[in-house]
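Written out below as structure tokens is the structure these notes cover.
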Amino acid sequence: MDDAELTPTPPPADPASGANPAIGSQPLIGEHDALNSHPQPEANSAAADGPLTLPEFQSAGWVTPRLAAATPRPAPTRATWTGLTDEQLLAQCDVDTYRASGPGGQHRNKTSSAVRLRHRASGLVVIAEESRSQHENRHQAIKRLRRAFFLEIRTPIPPELRNEQSVTAIPEYAEVRPTDGKLHISTRNAKFWPVAGIVLDVLEACQARVSDAAACLGISTGNLIDFLQSEEHVWQQANECRKRFGQKPLKLN
Numbered sequence: 001m002d003d004a005e006l007t008p009t010p011p012p013a014d015p016a017s018g019a020n021p022a023i024g025s026q027p028l029i030g031e032h033d034a035l036n037s038h039p040q041p042e043a044n045s046a047a048a049d050g051p052l053t054l055p056e057f058q059s060a061g062w063v064t065p066r067l068a069a070a071t072p073r074p075a076p077t078r079a080t081w082t083g084l085t086d087e088q089l090l091a092q093c094d095v096d097t098y099r100a101s102g103p104g105g106q107h108r109n110k111t112s113s114a115v116r117l118r119h120r121a122s123g124l125v126v127i128a129e130e131s132r133s134q135h136e137n138r139h140q141a142i143k144r145l146r147r148a149f150f151l152e153i154r155t156p157i158p159p160e161l162r163n164e165q166s167v168t169a170i171p172e173y174a175e176v177r178p179t180d181g182k183l184h185i186s187t188r189n190a191k192f193w194p195v196a197g198i199v200l201d202v203l204e205a206c207q208a209r210v211s212d213a214a215a216c217l218g219i220s221t222g223n224l225i226d227f228l229q230s231e232e233h234v235w236q237q238a239n240e241c242r243k244r245f246g247q248k249p250l251k252l253n
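For the sequence shown, position 171 (counting from the first letter as 1) is numbered 171 according to full-length UniProt numbering, and the numbering increases by one without interruption.
This is how it looks when you write it as structure tokens:
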């Protein structure tokens with residue numbers, strides 16, 4: 001008998017054993033890939049007892065329940081970046097230095113002190129060129145990038161959490177929650193930008209309807225408009241949101 005006939009045929013690979021090559025998941029398209037390598041967070045055991053609150057929903061790392069179910073890894077959110085140190089944030093950026101254009105004379109900037117940061121994951125670009133010190137411009141650019149996260153990056157709010165009880169439970173907003181029904185916070189306050197980000201999130205979730213957004217925030221419509229127009233960039237983002245949803249632009253008081 002031929003030796004080949006005595007050679008036992010190996011059994012087919014058991015799919016459960018993991019012997020077969022796994023079929024790779026389709027990579028995400030876009031600039032978010034750099035931050036999409038984190039493992040999927042474990043499900044919160046408290047979720048079995050009822051729906052997540054908005055802070056729990058956001059801290060879980062999901063953008064929306066539908067996206068969470070469709071992808072094996074959580075997409076990066078605004079909190080992913082705003083919680084980083086300056087050094088960590090800078091490591092995620094492409095840094096360009098250049099000579100800023102300006103008037104001539106002895107004070108003309110003759111060194112490449114202007115700084116441009118491009119955050120690879122979000123695509124946001126900021127510049128700082130006011131100072132003749134590259135170090136100062138770099139510091140200013142990082143501050144502007146942090147501000148840009150709150151202005152440009154929206155954290156979706158699911159329909160079941162678009163209510164005053166859920167929104168006012170968000171930690172950053174709860175800290176400054178008005179007791180008199182009016183939101184008072186200076187643009188110089190370090191908490192202003194996180195609150196502005198939440199306000200813009202709510203406005204987006206309410207399809208730019210100011211009265212609905214104000215109700216979710218637990219303030220009056222007039223108070224919300226006053227807050228939005230207290231900072232020109234926030235006001236601009238609010239009107240861009242209105243435009244996306246086919247609403248008329250808000251007018252300054």
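Every residue, glycine too, gets a C-beta built ideally from N, C-alpha and C. Values in this document were obtained by computation on a predicted structure and should not be read as measured data.
If you draw a straight line from the alpha carbon of residue i to that of residue j, how long is it in whole angstroms?
i: G246; j: L145; result: 28 Å
i: Q237; j: I225; result: 13 Å
i: H38; j: E152; result: Since pLDDT at H38 reaches only 44, below the 50 mark, its modelled position is unreliable, and the value read off the structure follows with that caveat. If you take the alpha carbons of H38 and E152, they lie about 23 Å apart.
i: F150; j: Q229; result: 16 Å
i: residue 298; j: L161; result: A query on residue 298 cannot be resolved here, the shown segment of the chain reaching from 1 to 253 and no further.
i: V199; j: L217; result: 8 Å
i: N223; j: S112; result: 44 Å
i: V202; j: I157; result: 7 Å
i: N189; j: E164; result: 23 Å
i: I127; j: E175; result: 31 Å
i: P249; j: R99; result: 38 Å
i: F192; j: T179; result: 17 Å
i: L183; j: E172; result: 13 Å
i: T64; j: S101; result: Note that T64 scores a pLDDT of 44, beneath 50, so its modelled location is shaky; the value from the coordinates is reported in the next line. Computed Cα separation, rounded: 44 Å.
i: N159; j: A215; result: Note on residue identity: the sequence assigns Pro, not Asn, to residue 159. Taking the straight line joining both Cα atoms gives about 14 Å.
i: H119; j: R78; result: 12 Å
i: Q134; j: V125; result: 17 Å
i: E87; j: T187; result: 25 Å
i: R177; j: I170; result: 10 Å
Within 10 angstroms of the Cβ of residue i, are there 16 or more other Cβ atoms? Answer buried if so, exposed if not.
i: E204; result: buried
i: V95; result: exposed
i: G197; result: buried
i: S166; result: buried
i: L252; result: exposed
i: E129; result: buried
i: A91; result: exposed
i: T80; result: buried
Which of the three DSSP states is assigned to residue i in this structure?
i: H233; result: helix
i: S186; result: coil
i: T85; result: coil
i: N253; result: coil
i: V176; result: coil
i: C206; result: coil
i: G222; result: helix
i: F245; result: coil
i: I23; result: Confidence is the limiting factor: at I23 the pLDDT is only 37, short of 50, which leaves the residue's position unreliable and the question unanswerable from this model.
i: G197; result: helix
i: T77; result: coil
Considering only C-alpha positions, which residue in the set the options is nearest to residue i?
i: N137; options: L117, R147, L124; result: L117
i: C93; options: D201, S113, G123, S101; result: G123
i: K143; options: A213, T221, T82; result: T82
i: A141; options: E175, Y173, E164, T97; result: T97
i: Q207; options: F227, V195, D180, E240; result: E240
i: E232; options: R147, R132, A79, P159; result: R147
i: R244; options: K251, R209, I219; result: R209
i: V234; options: S220, A169, I219, R154; result: R154
Consider the Cβ of residue i: report whether some Cβ of chain B lies at a distance smaller than 7 Å.
i: S101; result: In the displayed structure, chain B is absent; only one protein chain is listed.
| Those runs of the beta strand (DSSP E) which lie wholly inside the segment 92-170 and span at least 3 residues | 93-98, 114-119, 125-128
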